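Protein sequences, first through last, are from chains A and B. Taken in order, the first sequence gives residues 1 to 180; the numbers are from our numbering. Taken in order, the second sequence gives residues 1001 to 1151; the numbers are from our numbering. The beta carbon of each residue, even a glycine, is placed where N, CA and C say it ideally should be. Note that the coordinates shown come from a computational prediction; the quantities given were computed from them, not determined experimentally. Structure record follows, encoded as structure tokens.
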Amino acid sequence: MAGTFLALTARAVRTNPKLPMQTAGMASYVRNLIGKREIVGYGFNGEPNYVDRTDFPLPAIRWREPTPDISALREKEKGDWNNLSLEEKKALYRASFCQTFAEFKAPTGEWKSVIGLSLVFMSGAFWLFYFMKAFVYSPLPITFDKEHREAQLRRMIDLQVNPVQGISSKWDYEKDDWKK
Amino acid sequence: MIRTTALRAQSIFRTALSASRTNAASSTRLMSSHSTETDDQFDARYENFFNRKDIDGWEIRRGVNELWGHDLVPEPKILIAALRACRRVNDFALAVRILEAIKDKCGSKVNEIYPYIMQEITPTLKELGVSTPEELGFDKPELALESVYNL
């Protein structure tokens, strides 16, 4: 969507020859941006901008500047539309609008690159962790081995740590073993 | 205490009893922001809007963009009026764009609503010489987006 957005920002001009100086400056600024494109509607914030959107199907300006070809076609358009060939009809459409609905609603496939890049960065983080583990961090303290941890657990039970819902509530002090 | 309870009860019963009576004045005042327009009036309003003799391209675009803001698929008669308005202002592209937009507006019910609408408006399309997006090949993506540096 952002790619199709031709940001043409300035105040809307419905041409009035007796504009005050500042407004006239704004108007020529708009003209600078949109060139000779015809202003045909009310755009966002009243500004003549073009964007293909399903919820705002008719943008404020025509997509192409009028070339001699397009002007000739638009003259022919004033007659019976049954006399227009298919190519002329398509050319008329393309003069007014950038993309058809089918085109700007077509999936971009961007989700694939998003998922792919996410996985690349996640695996990168894994390898970084592994590198740090192997080469940077010192070994774990001795208190992490099984013997020390069992001693720590025994100490907690002896101190009756968390006797209501926690570890000591599951210890049977009379049988000196876990509750069955 | 009893007196308070009795008064409360009385007021509750009074509300319950009078609820059956409609109070036109208060209902309109309380719902002043709510639209009382019926669907028929809504359709007629837009149909008349597009049927205006002096309508220009600006007004057609405004009307369609506004209509597209509603949670509905416009009736075929509104679309016919809009297409005829496009004919009056000699804007072929606008007519095709409206047809494309109506297909999009059908949303997930496109297989049910869109054929019905096309069936209703086909005589008008034939009369005006408007090709459907399908005839123009616009139902499938046709061209890739041109780079903005080549415009």
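(Q) With the cut-off set at 8 Å, would you say residue 1104/B and residue 131/A are in Cβ contact? (A) If you number the second sequence from 1, residue 1104/B lands on position 104. If you number the first sequence from 1, residue 131/A lands on position 131. Judged by beta-carbon spacing, residue 131/A lies beyond the 8 Å limit of residue 1104/B, meaning their Cβ atoms are not closer than that value.
Q) Taking the C-alpha atoms as reference points, what is the distance between residue 27/A and residue 1038/B? A) Taking the first sequence and counting its residues from 1, one reaches residue 27/A at position 27. Taking the second sequence and counting its residues from 1, one reaches residue 1038/B at position 38. C-alpha of residue 27/A to C-alpha of residue 1038/B: approximately 42 Å in a straight line.
Q) Should residue 1089/B and residue 1136/B be called a contact, given that it needs their Cβ atoms to be closer than 8 Å? A) Taking the first residue of the second sequence as position 1, residue 1089/B is located at position 89. Taking the first residue of the second sequence as position 1, residue 1136/B is located at position 136. No, the Cβ-Cβ distance between residue 1089/B and residue 1136/B is not below 8 Å.
Q: Please look up how many angstroms separate the CB atoms of residue 70/A and residue 95/A, rounded, as I've assumed it's under 8 Å.
A: For this step, residue 70/A is matched to residue 70 along the first sequence. For this step, residue 95/A is matched to residue 95 along the first sequence. Between residue 95/A and residue 70/A the Cβ distance is about 5 Å, and since that is below 8 Å, they are a contact.
Q) Alpha carbon to alpha carbon, what distance is there between residue 140/A and residue 174/A? A) Counting from 1 along the first sequence, the entry for residue 174/A is found at position 174. Counting from 1 along the first sequence, the entry for residue 140/A is found at position 140. When only Cα atoms are considered, residue 174/A and residue 140/A end up about 36 Å apart.
Q.
Is there a C-beta anywhere in chain A that falls below 8 Å from the one on residue 1109/B?
A. Position 109 of the second sequence, counting from 1, holds the residue named residue 1109/B. False, the Cβ-Cβ gap to chain A never drops below 8 Å.
Q | Pairwise C-alpha distance: residue 1149/B and residue 1/A | A | The count along the first sequence starts at 1 and reaches residue 1/A at position 1. The count along the second sequence starts at 1 and reaches residue 1149/B at position 149. Residue placement at residue 1/A is poorly supported in this model, since its pLDDT is 41, which falls under 50; the coordinates still yield a value, given next. Their backbone Cα atoms lie some 17 Å apart in a straight line.
Q. Counting only beta-carbon atoms, is residue 1128/B nearer than 8 Å to chain A?
A. Indexing the second sequence from 1 puts residue 1128/B at position 128. For residue 1128/B, the answer is yes, since a Cβ of chain A falls inside 8 Å of its Cβ.
**Q.** Burial state of residue 48/A (16 or more Cβ within 10 Å)
**A.** Mapped onto the first sequence, residue 48/A falls at position 48. In this structure residue 48/A is buried. Its beta-carbon is surrounded by 16 or more other beta-carbon atoms within 10 angstroms.
Q. Any idea which residues DSSP pairs residue 171/A with across the strands?
A. Counted from its first residue, the first sequence places residue 171/A at position 171. DSSP, once it has assigned bridges, lists 178/A as partnering residue 171/A.
Q: Verify whether the separation of the beta carbon atoms of residue 1080/B and residue 1102/B is less than 8 Å.
A: What you label residue 1080/B is simply residue 80 of the second sequence in a count that begins at 1. What you label residue 1102/B is simply residue 102 of the second sequence in a count that begins at 1. Cβ atoms of residue 1080/B and residue 1102/B: not closer than 8 Å.
Q. So residue 148/A is in the alpha helix (DSSP H); what residue range does that whole segment cover?
A. The residue you call residue 148/A lines up with position 148 of the first sequence. Residue 148/A: member of the alpha helix (DSSP H) spanning 146-158, first to last residue.
Q) At a Cβ threshold of 8 Å, is residue 80/A touching chain B? A) For the purposes of this step, residue 80/A is taken as residue 80 along the first sequence, with counting starting at 1. Yes, contact with chain B.
Q) In terms of residue numbering, what span does the alpha helix (DSSP H) encompassing residue 123/A cover? A) Taking the first residue of the first sequence as 1, we reach residue 123/A at position 123. Per DSSP, the continuous alpha helix (DSSP H) segment holding residue 123/A begins and ends at 110-131.
Q: Count the other CB atoms, across all protein chains shown, that sit within 10 Å of the CB of residue 1069/B; report buried if there are 16 or more and exposed otherwise.
A: Position 69 of the second sequence, counting from 1, holds the residue named residue 1069/B. Counting Cβ neighbours within 10 Å, residue 1069/B comes out exposed, since fewer than 16 surround it.
**Q.** C-alpha distance - residue 1092/B paired with residue 115/A, whole-angstrom precision
**A.** Position 92 of the second sequence, counted from the start, is the residue given in the question as residue 1092/B. Position 115 of the first sequence, counted from the start, is the residue given in the question as residue 115/A. Spanning the two alpha carbons is a distance of roughly 43 Å.
Q | Span separating the alpha-carbon of residue 124/A from that of residue 33/A | A | Here residue 124/A is taken as the residue at index 124 of the first sequence, counted from 1. Here residue 33/A is taken as the residue at index 33 of the first sequence, counted from 1. Answer to the nearest angstrom: the Cα atoms are 45 Å apart.
Q. For residue 953/B, which three-state DSSP category applies?
A. Because chain B in this structure spans residues 1001 to 1151, residue 953/B falls outside the shown range and cannot be described.
**Q.** Best match in 1084/B, 1035/B, 1147/B for proximity to residue 1053/B [C-alpha to C-alpha]
**A.** The count along the second sequence starts at 1 and reaches residue 1053/B at position 53. With distances taken between Cα atoms, residue 1053/B lies closest to 1084/B.
Q: Could you check what DSSP says for residue 1021/B in three-state terms: helix, strand or coil?
A: Stepping through the second sequence from its first residue, residue 1021/B is reached at position 21. Note that residue 1021/B has pLDDT 49, beneath the 50 cutoff, so the model's placement of it is unreliable and the number below is only indicative. Annotated three-state conformation of residue 1021/B is coil, per DSSP.
**Q.** 8 Å contact criterion, which residue 1106/B and residue 1094/B should meet: CB distance rounded
**A.** By one-based count along the second sequence, residue 1106/B stands at place 106. By one-based count along the second sequence, residue 1094/B stands at place 94. Not really, about 19 Å apart at Cβ, beyond 8 Å.
Q) Given a limit of 7 Å on CB to CB distance, which residues of the stretch 1043-1073 of chain B reach chain A? A) Answer set for the stretch 1043-1073 of chain B: 1057, 1058, 1061, 1062, 1064, 1065, 1068.
Q.
I want to see whether chain B comes within less than 8 Å of residue 141/A, judged by CB atoms only; does it?
A. Sequence index remark: in the first sequence, residue 141/A carries index 141 (1-based). Any Cβ of chain B closer than 8 Å to the Cβ of residue 141/A would place that residue at the interface, and such an atom is absent.
Q.
Please tell me whether residue 96/A has its Cβ less than 8 Å away from any Cβ of chain B.
A. Within the first sequence, the letter at position 96 stands for residue 96/A. By the rule that beta-carbons nearer than 8 Å mark a contact, residue 96/A touches chain B.
Q. For the alpha helix (DSSP H) that residue 57/A lies in, which residues bound it at each end?
A. Taking the first sequence and counting its residues from 1, one reaches residue 57/A at position 57. Residue 57/A -> no alpha helix (DSSP H), and no H or E assigned at all.
(Q) When you compare the CB of residue 1079/B with every CB in chain A, is at least one pair closer than 8 Å? (A) Counting from one through the second sequence, the residue named residue 1079/B turns up at place 79. At least 8 Å separates the CB of residue 1079/B from every CB of chain A.
Q.
Based on DSSP bridge pairs, tell me the residues matched to residue 39/A.
A. As a first step, residue 39/A is located in the first sequence; it is residue number 39 there, counting from the start. Beta-bridge pairing links residue 39/A to 61/A.
Q. Nearest chain B C-beta to residue 55/A closer than 8 Å, yes or no?
A. Sequence index remark: in the first sequence, residue 55/A carries index 55 (1-based). Output row for residue 55/A: interface = yes.
Q. For residue 1075/B, which residues in chain A fall below 9 Å Cβ to Cβ?
A. For the purposes of this step, residue 1075/B is identified with residue 75 of the second sequence, where counting begins at 1. Near residue 1075/B there are no residues of chain A at all, since even the closest Cβ is about 17 Å away, more than 9 Å.
Q. So, is the C-beta of residue 1101/B closer than 8 Å to a C-beta in chain A?
A. Start at 1 with the first residue of the second sequence, and residue 1101/B comes out as number 101. With its beta carbon less than 8 Å from one in chain A, residue 1101/B belongs to the interface.
Q) Which residue from 59/A, 168/A, 89/A puts its Cα closest to that of residue 39/A? A) As a position in the first sequence, residue 39/A is number 39, starting the count at 1. For the residues 59/A, 168/A, 89/A, the minimum Cα distance to residue 39/A belongs to 59/A.
**Q.** DSSP three-state assignment for residue 29/A, whether helix, strand or coil
**A.** Here residue 29/A corresponds to residue number 29 of the first sequence, with the count starting at 1. In this structure, residue 29/A counts as helix in the three-state DSSP scheme.
**Q.** residue 1050/B, buried or exposed, once every other Cβ within 10 Å from all chains shown has been counted against 16
**A.** Working through the second sequence from its first residue, we reach residue 1050/B at position 50. Per the 10 Å Cβ criterion, buried.
Q) Nearest CA to the CA of residue 104/A: which residue from 1042/B, 1057/B, 1048/B, 1145/B? A) What you label residue 104/A is simply residue 104 of the first sequence in a count that begins at 1. When 1042/B, 1057/B, 1048/B, 1145/B are compared, the shortest CA-CA separation from residue 104/A is found for 1145/B.
Q | Min CB distance residue 1084/B to chain A below 8 Å | A | Indexing the second sequence from 1 puts residue 1084/B at position 84. Not closer than 8 Å to any Cβ of chain A, the Cβ of residue 1084/B fails to qualify, so no.
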